[in-house]
Amino acid sequence: MAEATELRRESKVESLVGGWLGFFQTSIGAKVLMALSGIFLWVFIIGHLAGNLLAFAGPGPFNAYATNLHHTPLLLWSVRLGMILLFPLHIWTSIRCSMINEDARPVPYAYQNRSPARAAAKSMLLSGGVILAFFAYHIAHFTWRITGPQEAGWLVNGEFDAFSMLVAGFKVPWIAGLYVVGQLLLSAHLSHGIYSLFQHLGLWGPRWTPFLKNAALVIGYGICAAFAAIPLAVQLGVIK
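0 is the number of the first residue of the sequence shown in numbering that gives the first Met the number 0; add one for each residue after it.
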(Lines of atoms letter the chains of each structure in order from A; the text may use other names.)
(Lines give C-alpha, C1' and ligand atoms only; values in the text may rest on other atoms or scores of the structure.)
Protein backbone atom coordinates (compact mmCIF):
# COMPACT_ATOMS: atom_id res chain seq x y z
CA MET A 0 0.00 0.00 0.00
CA ALA A 1 2.80 2.40 0.93
CA GLU A 2 4.68 1.51 -2.26
CA ALA A 3 1.59 2.23 -4.36
CA THR A 4 1.17 5.63 -2.68
CA GLU A 5 4.83 6.46 -3.31
CA LEU A 6 4.53 5.44 -6.95
CA ARG A 7 1.47 7.67 -7.40
CA ARG A 8 3.34 10.57 -5.78
CA GLU A 9 6.37 10.07 -8.07
CA SER A 10 4.14 9.82 -11.13
CA LYS A 11 2.44 13.10 -10.19
CA VAL A 12 5.81 14.83 -9.80
CA GLU A 13 7.03 13.46 -13.13
CA SER A 14 3.77 14.48 -14.76
CA LEU A 15 4.07 18.02 -13.37
CA VAL A 16 7.70 18.38 -14.46
CA GLY A 17 6.93 16.90 -17.85
CA GLY A 18 3.99 19.24 -18.25
CA TRP A 19 6.12 22.30 -17.52
CA LEU A 20 8.87 21.13 -19.87
CA GLY A 21 6.31 20.49 -22.57
CA PHE A 22 4.76 23.91 -22.04
CA PHE A 23 8.09 25.73 -22.30
CA GLN A 24 8.78 23.97 -25.60
CA THR A 25 5.67 25.51 -27.14
CA SER A 26 5.55 28.94 -28.75
CA ILE A 27 3.67 30.51 -25.83
CA GLY A 28 5.86 28.78 -23.23
CA ALA A 29 9.06 29.94 -24.93
CA LYS A 30 7.77 33.51 -25.00
CA VAL A 31 6.80 33.38 -21.32
CA LEU A 32 10.22 31.99 -20.41
CA MET A 33 11.94 34.68 -22.46
CA ALA A 34 9.85 37.35 -20.72
CA LEU A 35 10.58 36.00 -17.23
CA SER A 36 14.32 35.79 -17.89
CA GLY A 37 14.15 39.29 -19.34
CA ILE A 38 12.57 40.58 -16.12
CA PHE A 39 15.53 39.25 -14.11
CA LEU A 40 17.99 40.87 -16.50
CA TRP A 41 16.07 44.15 -16.16
CA VAL A 42 16.32 43.98 -12.36
CA PHE A 43 20.06 43.34 -12.68
CA ILE A 44 20.54 46.29 -15.05
CA ILE A 45 18.66 48.71 -12.77
CA GLY A 46 20.61 47.56 -9.71
CA HIS A 47 23.88 47.78 -11.61
CA LEU A 48 23.03 51.30 -12.77
CA ALA A 49 22.20 52.42 -9.22
CA GLY A 50 25.65 51.31 -8.04
CA ASN A 51 27.49 52.79 -11.01
CA LEU A 52 25.87 56.21 -10.59
CA LEU A 53 27.66 56.49 -7.24
CA ALA A 54 30.69 57.43 -9.32
CA PHE A 55 29.19 60.95 -9.48
CA ALA A 56 29.32 61.05 -5.66
CA GLY A 57 33.09 60.58 -5.66
CA PRO A 58 35.62 57.84 -4.83
CA GLY A 59 34.44 57.30 -1.25
CA PRO A 60 30.83 56.22 -1.94
CA PHE A 61 31.77 54.32 -5.11
CA ASN A 62 34.57 52.34 -3.45
CA ALA A 63 32.34 51.68 -0.44
CA TYR A 64 29.72 50.23 -2.80
CA ALA A 65 32.29 48.02 -4.52
CA THR A 66 33.78 46.86 -1.20
CA ASN A 67 30.41 46.09 0.37
CA LEU A 68 29.37 44.17 -2.72
CA HIS A 69 32.42 41.90 -2.54
CA HIS A 70 31.93 41.45 1.19
CA THR A 71 28.42 40.11 0.57
CA PRO A 72 29.29 36.85 -1.22
CA LEU A 73 25.78 35.41 -0.97
CA LEU A 74 24.26 38.34 -2.86
CA LEU A 75 27.19 38.63 -5.26
CA TRP A 76 27.23 34.96 -6.26
CA SER A 77 23.45 34.72 -6.37
CA VAL A 78 23.46 37.47 -8.98
CA ARG A 79 26.38 35.93 -10.85
CA LEU A 80 24.81 32.48 -10.94
CA GLY A 81 21.54 34.04 -12.02
CA MET A 82 23.30 35.77 -14.90
CA ILE A 83 25.18 32.58 -15.85
CA LEU A 84 21.90 30.65 -16.02
CA LEU A 85 19.44 33.22 -17.32
CA PHE A 86 21.56 35.03 -19.89
CA PRO A 87 21.98 31.88 -22.05
CA LEU A 88 18.36 30.93 -21.34
CA HIS A 89 17.18 34.32 -22.60
CA ILE A 90 19.26 33.94 -25.76
CA TRP A 91 18.07 30.35 -26.33
CA THR A 92 14.40 31.27 -25.93
CA SER A 93 14.87 34.23 -28.29
CA ILE A 94 16.31 31.92 -30.96
CA ARG A 95 13.60 29.36 -30.21
CA CYS A 96 10.81 31.93 -30.68
CA SER A 97 12.38 33.14 -33.91
CA MET A 98 12.58 29.59 -35.28
CA ILE A 99 8.97 28.85 -34.27
CA ASN A 100 7.79 32.02 -36.01
CA GLU A 101 9.66 31.13 -39.19
CA ASP A 102 8.30 27.58 -39.19
CA ALA A 103 4.77 28.89 -38.66
CA ARG A 104 5.00 31.00 -41.82
CA PRO A 105 7.52 29.62 -44.33
CA VAL A 106 6.11 31.86 -47.09
CA PRO A 107 7.06 35.53 -46.61
CA TYR A 108 4.47 38.28 -46.54
CA ALA A 109 3.61 39.88 -49.87
CA TYR A 110 3.95 43.30 -48.24
CA GLN A 111 6.92 43.80 -45.91
CA ASN A 112 6.22 45.82 -42.80
CA ARG A 113 9.07 48.34 -42.59
CA SER A 114 7.93 50.22 -39.50
CA PRO A 115 10.52 51.13 -36.84
CA ALA A 116 8.96 48.64 -34.42
CA ARG A 117 9.22 45.85 -36.98
CA ALA A 118 12.83 46.76 -37.77
CA ALA A 119 13.69 46.69 -34.05
CA ALA A 120 12.00 43.31 -33.68
CA LYS A 121 13.93 41.80 -36.60
CA SER A 122 17.25 43.10 -35.24
CA MET A 123 16.76 41.78 -31.70
CA LEU A 124 18.89 38.65 -32.27
CA LEU A 125 21.68 40.67 -33.89
CA SER A 126 21.68 43.38 -31.24
CA GLY A 127 21.48 40.71 -28.53
CA GLY A 128 24.61 39.03 -29.91
CA VAL A 129 26.50 42.32 -29.99
CA ILE A 130 25.37 43.10 -26.44
CA LEU A 131 26.61 39.69 -25.31
CA ALA A 132 30.05 40.46 -26.77
CA PHE A 133 30.00 43.88 -25.09
CA PHE A 134 29.00 42.28 -21.78
CA ALA A 135 31.93 39.84 -22.05
CA TYR A 136 34.32 42.75 -22.62
CA HIS A 137 32.80 44.63 -19.69
CA ILE A 138 33.39 41.64 -17.39
CA ALA A 139 36.95 41.29 -18.65
CA HIS A 140 37.53 45.01 -18.05
CA PHE A 141 36.08 45.66 -14.60
CA THR A 142 35.67 42.22 -13.00
CA TRP A 143 38.60 40.16 -14.26
CA ARG A 144 40.76 43.27 -14.92
CA ILE A 145 42.52 41.77 -17.93
CA THR A 146 41.72 44.49 -20.50
CA GLY A 147 42.12 48.26 -20.51
CA PRO A 148 44.59 50.34 -18.50
CA GLN A 149 44.89 48.98 -14.97
CA GLU A 150 46.41 51.98 -13.21
CA ALA A 151 44.30 51.59 -10.09
CA GLY A 152 46.02 50.75 -6.85
CA TRP A 153 44.89 49.74 -3.42
CA LEU A 154 43.17 51.72 -0.71
CA VAL A 155 44.58 52.14 2.79
CA ASN A 156 42.16 49.48 4.09
CA GLY A 157 43.62 46.94 1.66
CA GLU A 158 40.68 47.00 -0.76
CA PHE A 159 41.02 47.52 -4.51
CA ASP A 160 40.53 51.10 -5.70
CA ALA A 161 37.62 50.52 -8.10
CA PHE A 162 36.99 54.24 -8.63
CA SER A 163 40.52 54.88 -9.92
CA MET A 164 40.19 51.91 -12.28
CA LEU A 165 36.91 53.30 -13.64
CA VAL A 166 38.44 56.72 -14.27
CA ALA A 167 41.61 55.26 -15.81
CA GLY A 168 39.56 53.13 -18.18
CA PHE A 169 37.16 55.83 -19.34
CA LYS A 170 39.95 58.36 -19.81
CA VAL A 171 40.89 56.36 -22.94
CA PRO A 172 38.69 57.83 -25.71
CA TRP A 173 38.12 54.61 -27.64
CA ILE A 174 37.11 52.72 -24.49
CA ALA A 175 34.64 55.49 -23.53
CA GLY A 176 33.33 55.50 -27.11
CA LEU A 177 32.93 51.72 -27.07
CA TYR A 178 30.78 51.93 -23.94
CA VAL A 179 28.63 54.71 -25.38
CA VAL A 180 28.02 52.73 -28.59
CA GLY A 181 27.26 49.65 -26.51
CA GLN A 182 24.65 51.62 -24.58
CA LEU A 183 23.01 52.82 -27.80
CA LEU A 184 22.59 49.22 -28.92
CA LEU A 185 21.39 48.19 -25.48
CA SER A 186 18.81 51.01 -25.40
CA ALA A 187 17.14 49.81 -28.62
CA HIS A 188 17.17 46.22 -27.37
CA LEU A 189 15.76 47.13 -23.96
CA SER A 190 13.06 49.40 -25.35
CA HIS A 191 11.69 46.74 -27.65
CA GLY A 192 12.21 44.15 -24.91
CA ILE A 193 9.91 46.05 -22.52
CA TYR A 194 7.35 46.48 -25.27
CA SER A 195 7.43 42.74 -26.08
CA LEU A 196 7.51 41.62 -22.44
CA PHE A 197 3.95 42.78 -21.81
CA GLN A 198 2.81 41.06 -24.98
CA HIS A 199 4.37 37.74 -24.01
CA LEU A 200 2.82 37.85 -20.55
CA GLY A 201 -0.60 38.74 -21.94
CA LEU A 202 -0.60 42.19 -20.27
CA TRP A 203 -1.77 43.92 -23.40
CA GLY A 204 -4.74 45.80 -24.79
CA PRO A 205 -5.71 48.61 -27.17
CA ARG A 206 -5.97 51.15 -24.35
CA TRP A 207 -2.47 50.31 -23.07
CA THR A 208 -0.62 50.01 -26.40
CA PRO A 209 0.27 53.70 -26.99
CA PHE A 210 1.28 54.19 -23.36
CA LEU A 211 3.47 51.06 -23.31
CA LYS A 212 5.20 52.01 -26.55
CA ASN A 213 6.12 55.46 -25.22
CA ALA A 214 7.03 54.18 -21.75
CA ALA A 215 9.30 51.51 -23.25
CA LEU A 216 11.20 54.13 -25.25
CA VAL A 217 11.57 56.50 -22.29
CA ILE A 218 12.70 53.78 -19.86
CA GLY A 219 15.01 51.96 -22.27
CA TYR A 220 16.79 55.01 -23.62
CA GLY A 221 16.71 56.77 -20.24
CA ILE A 222 18.54 53.94 -18.47
CA CYS A 223 21.15 53.68 -21.19
CA ALA A 224 21.65 57.46 -21.23
CA ALA A 225 22.39 57.26 -17.51
CA PHE A 226 24.95 54.50 -18.14
CA ALA A 227 26.55 56.44 -21.01
CA ALA A 228 26.77 59.57 -18.84
CA ILE A 229 29.53 57.97 -16.74
CA PRO A 230 32.21 57.54 -19.47
CA LEU A 231 31.19 60.88 -20.96
CA ALA A 232 31.58 62.56 -17.56
CA VAL A 233 35.09 61.12 -17.23
CA GLN A 234 35.99 62.40 -20.71
CA LEU A 235 34.68 65.86 -19.81
CA GLY A 236 36.48 65.92 -16.47
CA VAL A 237 33.31 65.92 -14.37
CA ILE A 238 34.35 62.62 -12.80
CA LYS A 239 38.08 62.60 -12.05
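Heads up, the beta-carbon is just placed ideally off N, CA and C, and yes, glycines get one too. The model shown is predicted, which means the values in this text are computed figures rather than measured ones.
When you compare the CB positions of residue i and residue j, do they come within less than 9 Å of one another, or not?
i, j, result
"F61", "A54", "yes"
"L165", "I238", "yes"
"H137", "G181", "yes"
"Q245", "F169", "Limits of the chain in this structure are 0 at one end and 239 at the other, which puts residue 245 out of reach."
"F159", "W153", "yes"
"I145", "A139", "yes"
"S190", "L216", "yes"
"H89", "S26", "no"
"G57", "L68", "no"
"Y194", "L177", "no"
With which residues is residue i paired in a DSSP beta bridge?
i, result
"W153", "F159"
So, with DSSP's three-state summary, where would you put residue i?
i, result
"R57", "Here the sequence assigns Gly to residue 57, which means Arg is not the residue at that position. Here G57 sits in coil by DSSP."
"V166", "helix"
"V42", "helix"
"W143", "coil"
"W76", "helix"
"A232", "helix"
"T71", "coil"
"P205", "coil"
"V237", "coil"
"V179", "helix"
"T25", "coil"
"V171", "coil"
"Y220", "helix"
Between the stretch 170 to 186 and the stretch 219 to 232, can you find at least three pairs of beta-carbon atoms closer than 8 Å? The answer is yes - the stretch 170 to 186 touches the stretch 219 to 232, with three or more Cβ pairs under 8 Å.
Would you call the stretch 69 to 76 and the stretch 30 to 40 in contact, with 3 or more CB pairs under 8 Å? Here the stretch 69 to 76 does not lie against the stretch 30 to 40, with fewer than 3 beta-carbon pairs under 8 Å apart.
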